[in-house]
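In UniProt numbering, the protein residues as written are 1 to 166. The beta-carbon is built from N, C-alpha and C at its ideal position, and this holds for glycine as well.
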């Protein structure tokens, strides 16, 4: 039986559907059919602008973003596709917290919907630190298909780990 480490929290019948697609070599076709296009957000500057647009549309009262960038060091071994951090520095006798979002570089090659989902996820952490009900409600407010996209992203990560798909 194929271990589906990204899908362990999902019901057995969904895991079985993914296993069947893997066994019949249809998982890649499924993903290409659902998410045929790439996106043009390829630089840190473009990613910052993209995140700022979403923040402006949905989270105007949230703290300002100081930095948003693609990070080559973030990967699946760290169990992080994105990070939301507050870097504290002393400036002129005051402690300033700079808000930073780092997105795993693998999202440069992913579908635009997956990039949006992960940016929405990290932006939601500006308001809600924990993965609680309010956090997921905020994610759905910014991206109504959030839960489906999260599942499909996990399927995509599973596909990437299959031999010959990295």
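Checking the DSSP bridge columns, you'll see residue 71 partnered with 104. The beta-carbon distance between residue 37 and residue 112, rounded to whole angstroms, is 6 angstroms. This is short enough to meet the 8 angstroms contact definition. Residue 123 places its beta carbon less than 8 angstroms from that of residue 59.
Spanning the alpha carbons of residue 117 and residue 149 requires a straight line of approximately 7 angstroms. Counting other Cβ atoms within 10 Å of its Cβ, residue 131 stays below 16 and is therefore classed as exposed. Under DSSP, residue 91 forms a beta bridge with 94.
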